[in-house]
Every structure is written in C-alpha cells, then in structure tokens.
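Chemist: Here's a structure for you.
Residue numbers (the working numbering): 13 to 369.
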C-alpha cells in the first residue's frame, strides 16, 4: 500500500532457470548469471489523488481513484543445468562410472539401462590448478528428440554444456556397432537442436579393458576417417583409470580455448536483448447482454474504470455516471429495454438502473 516505494516481491531461482509464459510459451528470460534480475509481472498503475481532478471552479475536489490491480500470469520455470562438460551417449556405456572416476560425485551405477534418472554434477580437478564442472546426463536412445526414454530430460540439459564428451561402449557388450551408436546419438542431438553438433565434441572410447574393444576401436577409427570426421578419439577405461587423466587434461585445454559464452546460442540472457512492445490503443468498445432482469455490460475498459472508482464518494459516482453517459452505455441500456428497478452488472460491481428525471 505504499505505491512506488513498496518492496518488490523477489523470487530467487538458481542459475540456468528458463522462465516461460504458460499461456503463450514465450521465453521471458533465461537466467544464466548470478545476480541477474528480470521483471515478470508489474504492479498496477497507482490511483490518481484529488489534486489531479482540481479545477479553477473546484480547487479541492472530494474525489480520488483506487489503484489498478497488478499483472497476473502463470509462469513455467524450467531448470537447465549449467556445466562445462556434458557426458552423452547410450545408456550403460559408462558415463556415471567416468564421472565417479574423475570427481567426488557418486552417481548411482548399475548394469541396467537408465540407472541415471536425473543429471549428476561433479567438479573435476585437472591437477594443475584448473578445474571444471562435468555433468552425467541421462542416457539417450533412438527417438529421444521426440521424448523417447528420458529424451527430454537429457536434451534440455545438454544445451548448456560447452564441450560434449561422447561416450561410446567400444566393447560392444550389448552387441551394437559402436560407430552406429555414435552416429545415432549425433543424429538425435541434431534433430533436437542442430547447433549442438557445432559444439566441441570429444569421442570417449570406453571399456578398453575388455579384450574385444581394441579390434572395435580400430574399426571405429577407420569408419570415422572414411566419413571425413576429424574428431579426437580417447581410448579409456573408466574402471581401471586407463587414459582418464589424458582425457581430463584435454578437456581443460579445450575449455581454456573457448569463450565463457560458448553455449550462449542456447542460453540467451534476458539482459542481452531488449524487447520493445507497442502499447496497444485501449479498446473502449462494450457489449451488453441480458439475463432475466440483469443487464451485463462487458468491457475491459469499463471494468478497469469500476475498479478505480471510489463509490463511497458522491463526486466519484457522478463522474462515473457522466463517463457512462458519454460513452453511450446509458442509451444502449435503454435500447435493450432497461428500466427503473433493473440491475446492471459490470465485472463484480452491480447497481440499480435509475432513469434521470
């Protein structure tokens, strides 16, 4: 009740929160930085005091206005994790094991699909003063861009990462072709957002401790070169630690070479863009319908006027009646058959129709 001096209502959200209008789907803000603020619903216009209605003939009128209601809207808050490196790949290829091997994170690990149901974060220490955040994301399967498996849970978080580590089961324990797995996952990434394939990607050939993995790796490299892909391949074993340290160093080097905003195309900041909306001209039209002996006037403009009017003031009532008369509402009610004793309803306000003598 203090007008412009009243405290703002602030809702704190974690970095990575996307704010959408539930009715239109419009992205209002993408909160990617600590301390970032955005106004999603503004307070209503304050009512005018009696000095605004003063005239030479009436320098101290006993009339003032109520303030208008503030904006109301339904919002959807969606959290997309912010991480430097994201682990992508089929379920059960060793993503969670790799995260637990390079960080203090202890994600759930099991020999069945979709062990990881929610993203896990771990801070990776490169050992030379550099560190970065790695995210173990839910496994991806064919059709994930359409929501198959945990597709949407996976893909909305991978948008935030600056570097992708594509983990491939080089042992082919489940009988799939590692190269076809790699191509299928990339296809799902592209179908979700073509920009994801432009992110730096390292191929992690995992499970090299299994004897069959060496032959599969040679075949994988041959197919990769044959298709003209120049991506780096890192043979590792997340279980034994083979090759893991070299992979961590390469991630740190790659991150050092990238700007902090490498994923900015997927995380536009509300402060980086200015949206100018034209204020529509207020519609002063109205409609009237009759329900038995009650005449219902429908008009957003008139409903706002009713809320602003202080009906305990005689001068305010006379002013309201004058506006209704000038807008033609009085005559329209008469044309529809309104007579003394009938009731008129505008929004939540109801009054008796009285003919002036």
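By construction, the Cβ of each residue, glycine as well, lies at the ideal position given by its N, Cα and C atoms.
The structure presented is a predicted model; accordingly, all values stated were derived computationally and were not measured.
Count the other CB atoms within 10 Å of the CB of residue 102; is the residue buried (16 or more) or exposed (fewer)?
Modeler: The residue you call residue 102 lines up with position 90 of the chain shown. By the neighbour-count rule (16 or more Cβ atoms within 10 Å), residue 102 is buried.
Chemist: Among the candidates 313, 105, 141, 57, whose CA atom is the shortest distance from the CA of residue 78?
Modeler: Taking the chain shown and counting its residues from 1, one reaches residue 78 at position 66. Among 313, 105, 141, 57, the Cα nearest to that of residue 78 is on 57.
Chemist: Using the DSSP secondary-structure output, state which residues sit across from residue 117 in a beta bridge.
Modeler: Translated into the one-based positions of the chain shown, residue 117 becomes position 105. The partner list for residue 117 (beta bridge, DSSP) is empty, contrary to what the question assumes.
Chemist: Just curious, the alpha helix (DSSP H) that residue 365 is in, first and last residue?
Modeler: Position 353 of the chain shown, counted from the first residue, corresponds to residue 365. No alpha helix (DSSP H) contains residue 365, which DSSP labels as neither H nor E.
Chemist: Output the distance between the C-alpha atoms of residue 304 and residue 27, rounded to the nearest integer angstrom.
Modeler: By 1-based counting over the chain shown, the position of residue 304 is 292. By 1-based counting over the chain shown, the position of residue 27 is 15. Straight-line Cα distance between these residues: approximately 56 Å.
Chemist: Only counting the same chain, and skipping five residues up and downstream in sequence, which positions put a Cβ closer than 7 Å to that of residue 267?
Modeler: Taking the chain shown and counting its residues from 1, the one referred to as residue 267 is at position 255. So the list reads 96, 144, 174, 175, once near-sequence residues are dropped.
Chemist: For residue 29, collect the residues of the same chain with a Cβ closer than 6 Å to its Cβ; drop the 5 residues on either side in sequence, then sort them by chain order.
Modeler: Residue mapping note: residue 29 aligns to position 17 of the chain shown, counting from 1. Excluding positions up to five away in sequence, the list reads 43, 89, 91.
Chemist: Under 6 Å Cβ to Cβ from residue 61, same chain only, skipping five residues before and after it: list those, please.
Modeler: As a first step, residue 61 must be located in the chain shown, where it is residue number 49. 76.
Chemist: Under three-state DSSP, which class holds residue 218?
Modeler: One-based indexing of the chain shown puts residue 218 at position 206. Residue 218 falls in the strand class under three-state DSSP.
Chemist: Can you name, in chain order, every residue of its own chain whose Cβ lies under 7 Å from the Cβ of residue 400, other than the five neighbours on each side?
Modeler: Examination of residue 400 is not possible in this model, given that the chain is present from 13 through 369 alone.
Chemist: Return yes when the Cβ of residue 177 is within less than 8 Å of the Cβ of residue 99, no when it is not.
Modeler: Residue 99 sits at position 87 when you count from the first residue of the chain shown. Residue 177 sits at position 165 when you count from the first residue of the chain shown. It is a contact, given that the beta carbons lie within the stated cut-off.
Chemist: Go ahead and pull the three-state DSSP assignment for residue 247.
Modeler: Residue numbering aside, residue 247 sits at position 235 when the chain shown is read from its first letter. DSSP places residue 247 in strand when its eight states are reduced to three.
Chemist: Could you spell out where the alpha helix (DSSP H) holding residue 87 opens and where it closes?
Modeler: Looking up residue 87 in the chain shown gives position 75. Unbroken run through residue 87 is the beta strand (DSSP E), 87-91; no alpha helix (DSSP H).
Chemist: Sort 18, 84, 211, 247 by Cα distance to residue 217 and report the nearest one.
Modeler: Translated into the one-based positions of the chain shown, residue 217 becomes position 205. Ranking 18, 84, 211, 247 by Cα distance to residue 217 puts 247 first.
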